[in-house]
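Structure, as C-alpha cells:
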Amino acid sequence: MIYVQIFLAFFIPGILGYGGGPASIPLVENEVVDRYGWLTVSEFSEVLALGNALPGPIATKMAGYIGFQQAGVLGAAVGVFATVAPSLILMVVLLSILMKYKESPKVQKMTNLVRPAIAVLLGIMTIGFFTTAYDGIGIWQTLIIGGLSFFLLQKWKIHPVYVISGALVYGAIFLG
Numbered sequence: 000m001i002y003v004q005i006f007l008a009f010f011i012p013g014i015l016g017y018g019g020g021p022a023s024i025p026l027v028e029n030e031v032v033d034r035y036g037w038l039t040v041s042e043f044s045e046v047l048a049l050g051n052a053l054p055g056p057i058a059t060k061m062a063g064y065i066g067f068q069q070a071g072v073l074g075a076a077v078g079v080f081a082t083v084a085p086s087l088i089l090m091v092v093l094l095s096i097l098m099k100y101k102e103s104p105k106v107q108k109m110t111n112l113v114r115p116a117i118a119v120l121l122g123i124m125t126i127g128f129f130t131t132a133y134d135g136i137g138i139w140q141t142l143i144i145g146g147l148s149f150f151l152l153q154k155w156k157i158h159p160v161y162v163i164s165g166a167l168v169y170g171a172i173f174l175g
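Position 129 of the sequence shown, counting from 1, maps to 128 under numbering that gives the first Met the number 0, and the rest follow consecutively.
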C-alpha cells in the first residue's frame, strides 16, 4: 500500500502542478506533510533546501529522497517515476497524434517552422557554454577541449560517452 501512496503523492502534483517543479512544490508539501504525515513542515523545508542545492529537477530529487525514506530503493524508484509519469504520458500521447497526422501539410509546415527555432536555441546555448568555459579556464584550454572533441566525434566517430569521459578526466587532471 505504501507504494501506491508514494505514487499518488507525486503523480497528482505532477498532473496539477503546471509550470514544473517549483509550481508543484506546494502540492507535494500538501501530500507529504498534510495528507500522509511522512514529514513535518520543518523536515520538508530541509528536503526542499537539499533539493535546491543539488543539480537537476527539484521535484524528482524530492520524490527520490522521500520515496527512499518511506520505502527504500523501490520507494525512491516509484516516487521518481510518479513525478515524471505525467510528462511521459503526455509526450507519448502527443507524439502518437503527431505521427498519425505526419503527412498533413499543416503538421509538416509546423515541423519546418520549429526546426530553425531549435537550431537557433542550440546555437545560443553553445555560445553560452563557450563563453562560460572561456571565462572559467581560458581560451587555450577551451580550444583544446573543443577542437579535440570535434575531431573525435566528427572525424574519428568516437562515441560521445568516451569523449565526455575523456574531457572529464582531462579536467580533473589538468584543471582540478
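All C-beta atoms, glycine included, are put in the ideal place defined by N, C-alpha and C. Please read these numbers as outputs of a predicted model, since none were measured by experiment.
Query                                                                                                                                                                    : Result
Per DSSP, what kind of secondary structure is residue 61 in: helix, strand or coil?                                                                                      : helix
Measure the beta-carbon distance from residue 74 to residue 5 and round it to whole angstroms, keeping in mind my assumption that it falls under 8 Å.                    : 5 Å
Between residue 78 and residue 63, which are expected to be in contact by the criterion C-beta below 8 Å, what is the C-beta distance as a whole number of angstroms?    : 6 Å
So, using beta-carbon positions, are residue 69 and residue 138 closer together than 8 Å?                                                                                : no
Excluding sequence positions up to five away, which residues of its chain have a Cβ less than 8 Å from the Cβ of residue 14?                                             : 85
Using a 10 Å radius around the Cβ and a threshold of 16 neighbouring Cβ atoms, would you call residue 149 buried or exposed?                                             : exposed
Take residue 83 as the anchor and find which of 164, 146, 7, 111 has the nearest alpha-carbon.                                                                           : 7
Which residues mark the beginning and the end of the alpha helix (DSSP H) in which residue 112 is found?                                                                 : 104-136
Measuring only the C-alpha atoms, how far is residue 144 from residue 35?                                                                                                : 50 Å
Please list, in chain order, all residues of the same chain as residue 152 whose beta carbon is under 7 Å from its beta carbon, the five residues on each side excluded. : 159, 162
On the three-state DSSP scale, how would you describe residue 146?                                                                                                       : helix
Which same chain residues, not among the five before or five after residue 43, have their C-beta less than 7 Å away from its C-beta?                                     : 28, 31, 32
Measure the beta-carbon distance from residue 65 to residue 38 and round it to whole angstroms, keeping in mind my assumption that it falls under 8 Å.                   : 7 Å
Excluding five sequence neighbours on each side, which residues of the same chain lie with their C-beta closer than 7 Å to the C-beta of residue 53?                     : 60
Classify residue 0 as helix, strand or coil using the three-state DSSP reduction.                                                                                        : coil
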